[in-house]
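Q: For the sequence shown, our numbering gives the first residue as 208, with consecutive numbering after it.
Where a beta carbon is used, it is the ideal one built from N, C-alpha and C, also for glycine.
Quick one: the structure is below, and I'll ask about it shortly.
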Amino acid sequence: MADFNSEFWHWYIAILTVISILACVWLIRWMTSGFQHSDEVESTGHIWDEDLTELNNPLPRWWLGLFYITLAFGGFYLLLYPGLGTFGGLLGWTSKGAYEQEIEKVEAEVGPLFAGYQQTPILDLIKDENALKIGERLYLNYCSTCHGSDARGARGFPNLRDNEWQWGGDPESIRTTLHNGRIAAMPAWEAALGGESGVNEVTQYILRLSGRATIDELADKGKAKYDVFCVACHGLEGKGNPALGAPNLTDDVWLYGGSITRISESLIKGRNGQMPAQLDRLGEAKIHLLTAYVYSLSQEK
Ligand code: HEC
Ligand code: HEC
């Protein structure tokens with residue numbers, strides 16, 4: 208409610224709302240007054256299909272009653288609940304408060320259950336069907352928007368079902384990934400590699416690393432550049448380094464795509480994938496269950 212940056216909007220909305228309601232009252236009174244109760248019914252003068260005449264009868268009482276009830280409801284509602292500008296309502300209800308109350312209720316219910324699981328080591332949890340079911344539900348709630356509902360990822364969002372890990376796939380590494388998030392730092396290389404030709408050479412070398420056919424002359428030049436600029440993170444053999452999140456370049460698993468175009472794009476633009484930290488959002492207990500679930504995905508096969 209305090210999102211308005213000036214008092215003006217509070218009054219603007221409050222006054223307009225009150226005037227609108229009063230206008231409705233006035234409109235109803237105006238439309239219903241002036242009828243003489245007699246047996247003669249006036250016609251509005253509209254006639255269709257030769258003899259279908261529109262009459263001007265007063266509105267039925269029950270119908271009018273409904274109108275007045277609606278108006279009174281509106282008035283009381285605005286008195287009790289937030290709605291009139293920044294006026295918070297006499298009940299002090301807020302959507303944030305209602306949300307927190309609901310969360311508290313749920314926490315009280317599932318808290319003890321989660322706390323129990325939290326004491327169980329990951330290697331035991333992955334054998335516990337119920338724990339994995341809860342893990343899956345948590346996953347679908349909190350992770351599937353990015354990693355996909357089947358956890359197979361998409362371009363830029365890693366597949367969590369395979370055995371390829373950028374940041375390590377043992378339970379402790381997965382837990383750290385979830386706790387703190389991960390920020391991958393792969394700088395842009397076009398300038399350092401000497402422009403487009405340098406990018407092409409190194410791209411050819413990466414094709415060689417991943418076991419594909421190359422233009423050898425270019426790939427050889429690419430290797431010289433790779434050994435200067437890339438070994439520090441991706442390693443001499445291109446197998447990557449989980450401490451830095453530098454992916455293995457020798458397999459056919461690609462976060463951003465393994466075609467010549469995609470690899471060149473990775474080199475030209477650099478890549479900075481970010482996995483958001485979850486600790487503040489989910490807490491230890493849920494992360495423990497999620498760690499077990501994610502770990503279990505690459506174990507089933
Ligand atoms: C400072 C460490 C660092 C250096 C140096 C570095 N990289 Fe990377 N590279 C990374 C990281 C971290 C990622 C993952 C980026 C992400 O997840 O967003 C990455 C991603 C990539 C990718 C995308 C892989 C995929 O799966 O899609 C390619 C290709 C790549 N690097 C090639 C290179 C080449 C070639 C060089 C040398 C010119 C190089 N990198 C130098 C850290 C580095
Ligand atoms: C906003 C999108 C987003 C959400 C939400 C998200 N992730 Fe991620 N996650 C990413 C990205 C992007 C990466 C890759 C970071 C990089 O490039 O290194 C990643 C990386 C990971 C990794 C590391 C994979 C590896 O190969 O080492 C794991 C594990 C992971 N996420 C699990 C989860 C789980 C579990 C959740 C739910 C609690 C989750 N993520 C929610 C975007 C997201």
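Please confirm whether any heavy atom of ligand 1 lies closer than 6 Å to the CB of residue 362.
A: Flag unset: Cβ of residue 362 not near ligand 1.
Q: Roughly how many whole angstroms lie between the Cα atoms of residue 383 and residue 414?
A: Approximately 32 Å between the Cα atoms of the pair.
Q: To the nearest whole angstrom, what separates the beta carbons of residue 339 and residue 499, a pair I think is in contact under 8 Å?
A: Between residue 499 and residue 339 the Cβ distance is about 7 Å, and since that is below 8 Å, they are a contact.
Q: Does any heavy atom of ligand 2 sit closer than 6 Å to the C-beta of residue 384?
A: Yes, ligand 2 has a heavy atom inside 6 Å of this Cβ.
Q: Cβ of residue 374 versus every heavy atom of ligand 1: is any distance shorter than 6 Å?
A: No; taking the cut-off as 6 Å, the Cβ of residue 374 has no heavy atom of ligand 1 nearer than that.
Q: Could you check whether the Cβ of residue 391 sits closer than 6 Å to any heavy atom belonging to ligand 1?
A: Under cutoff, so the answer is yes.
Q: Between residue 356 and residue 347, what straight-line distance do the alpha-carbon atoms span, to the nearest angstrom?
A: If I take the Cα positions, the gap works out to 6 Å.
Q: On the criterion of 16 or more Cβ atoms from any shown chain inside 10 Å, does residue 208 qualify as buried, or is it exposed?
A: With a pLDDT of 48 at residue 208, under the threshold of 50, the modelled position of this residue cannot be trusted; read the value that follows with caution. It counts as exposed.
Q: Could you have a look at residue 462 and say whether DSSP puts it in helix, strand or coil?
A: If DSSP states are grouped into helix, strand and coil, residue 462 belongs with coil.
Q: If residue 285 sits next to residue 327, beta carbons under 8 Å apart, how far is it from one beta carbon to the other, in whole angstroms?
A: Incorrect: roughly 51 Å between the Cβ atoms, too far for contact.
Q: I need the DSSP call for residue 215, collapsed to helix, strand or coil.
A: Residue state, collapsed to three classes: helix.
Q: Check whether the Cβ of residue 460 sits closer than 6 Å to any heavy atom of ligand 2, and report yes or no.
A: False, no ligand heavy atom lies under 6 Å from that Cβ.
Q: Give, in chain order, every unbroken run of the beta strand (DSSP E) that is at least 3 residues long and sits entirely within the segment 451-507.
A: If we require 3 residues or more, the segment 451-507 turns out to have no beta strand (DSSP E) run fully inside it.
Q: Quick one: residues in its chain with C-beta nearer than 7 Å to the C-beta of residue 446, no 5 flanking neighbours on either side, listed in chain order?
A: So the qualifying residues of the chain are 455, 457.
Q: Using the rule of at least 16 other Cβ atoms within 10 Å of the residue's Cβ for burial, across every protein chain shown, is residue 470 buried or exposed?
A: Under this definition residue 470 is a buried residue.
Q: Return the CA-CA distance between residue 269 and residue 299, expressed in angstroms with no decimal places.
A: Those two C-alpha atoms are separated by around 34 Å.
Q: Counting beta carbon pairs with one atom in the segment 395-407 and one in the segment 457-466, are three or more of them shorter than 8 Å?
A: Because the criterion of three Cβ pairs below 8 Å is not met, the segment 457-466 and the segment 395-407 do not touch.
Q: Do residue 429 and residue 412 have their C-beta atoms closer together than 7 Å?
A: The answer is yes: Cβ separation under 7 Å.
Q: Verify the contact flag: residue 480, CB atom, against every heavy atom of ligand 1, threshold strictly below 6 Å.
A: Yes, Cβ of residue 480 sits closer than 6 Å to a heavy atom of ligand 1.
Q: Tell me whether residue 394 is buried or exposed, calling it buried when 16 or more other Cβ atoms sit within 10 Å of its Cβ.
A: Residue 394 is exposed by the Cβ-count criterion.
Q: Report the partner residues of residue 260 according to the DSSP bridge assignment.
A: Answer is 254, bridged to residue 260.
Q: Classify residue 225 as helix, strand or coil using the three-state DSSP reduction.
A: Reduced to three states, the DSSP call for residue 225 is helix.
Q: How about residue 496 and residue 342: are their beta carbons less than 7 Å apart?
A: For residue 496 and residue 342, yes; Cβs fall inside 7 Å.
Q: Excluding the 5 residues flanking residue 482 on each side, which residues of the same chain have their C-beta closer than 7 Å to its C-beta?
A: If we look at residue 482 and ignore the five residues flanking it on each side, its Cβ neighbours are 384, 388, 389.
Q: Compute the minimum distance between the beta carbon of residue 323 and the heavy atoms of ligand 2, and state whether it is under 6 Å.
A: Every heavy atom of ligand 2 is 6 Å or more from the Cβ of residue 323, so no.
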